[in-house]
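Novice: Residue numbers for the sequence shown follow the working numbering, so the first one is -7 and each next one is one higher.
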Amino acid sequence: MRGSWHLLYDVITRRFASQPRCDFNELAVQPPVKYLKINLGHALPPIVVYSQPDMAAGVTIQDVFQELYNVFKTKVSPNVFSAMSKPVQTIATEQFNNRTSGQGNVFHDGTIWSDFLGSNRYFAGLSRRAKDDTWDACFVPGPQ
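(1) In terms of residues, what are the limits of the beta strand (DSSP E) holding Phe131?
(2) Would you identify the three-state DSSP class for Arg113, choosing helix, strand or coil?
(3) In this structure, how does DSSP classify Ser43 when only helix, strand and coil are distinguished?
(4) When the distance is taken between beta carbons, is Asn17 closer than 8 Å to Gln210?
(5) How many Å lie between Cys130 and Tyr114 at the Cα?
(6) Grouping DSSP H, G and I as helix and E and B as strand, with all else coil, what is Arg120?
(7) Is it buried or exposed, Gln44, if we count other Cβ atoms within 10 angstroms and call 16 or more buried?
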């Protein structure tokens, strides 16, 4: 996935910015691994993506997309939100307002982790850190 900028995945809608040109059962990284530790940045804790038991070869692209979706749709408790720095709260609040824009049912669901991405809600790939076995997730703004 590293460097596959043609494959932009919207973590909110679970849609792609363009038609994906890959097999989601392909391995997410080479060499194959049974799990990936991914740093999400944006005040989010790292996540660990495990390979599915039926995919003995390792973590697939689908495994990564599914875990990203699971994380970013999760509600953020008021205590966690208030513990964030003011600049981070501002980004999340602006994105929350953009995302909910008058939709009462969505507004009452509250802040979700994807709000902390701001406008950079498209997952563009992974970049391996040289110092450890962690991968950094790259998020970019959607196509204009």
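For every residue, glycine included, the Cβ atom is placed at its ideal position computed from N, Cα and C.
Specialist: Inspection of the coordinates gives the following:
(1) As a first step, residue 131 is located in the sequence shown; it is residue number 139 there, counting from the start. Start and end: 126 to 132.
(2) Translated into the one-based positions of the sequence shown, residue 113 becomes position 121. Note: Arg113 maps to coil in three-state DSSP.
(3) Here residue 43 corresponds to residue number 51 of the sequence shown, with the count starting at 1. Coil, per DSSP.
(4) With the chain represented from -7 up to 136, any question about residue 210 goes unanswered, as that position is not in the structure.
(5) Taking the first residue of the sequence shown as position 1, residue 130 is located at position 138. Taking the first residue of the sequence shown as position 1, residue 114 is located at position 122. Approximately 8 Å between the Cα atoms of the pair.
(6) Counting from one through the sequence shown, the residue named residue 120 turns up at place 128. Arg120: strand per DSSP, three-state reduction.
(7) On the sequence shown, residue 44 is found 52 positions in, with the first residue counted as 1. Exposed, because fewer than 16 other Cβ atoms sit within 10 Å of the Cβ of Gln44.
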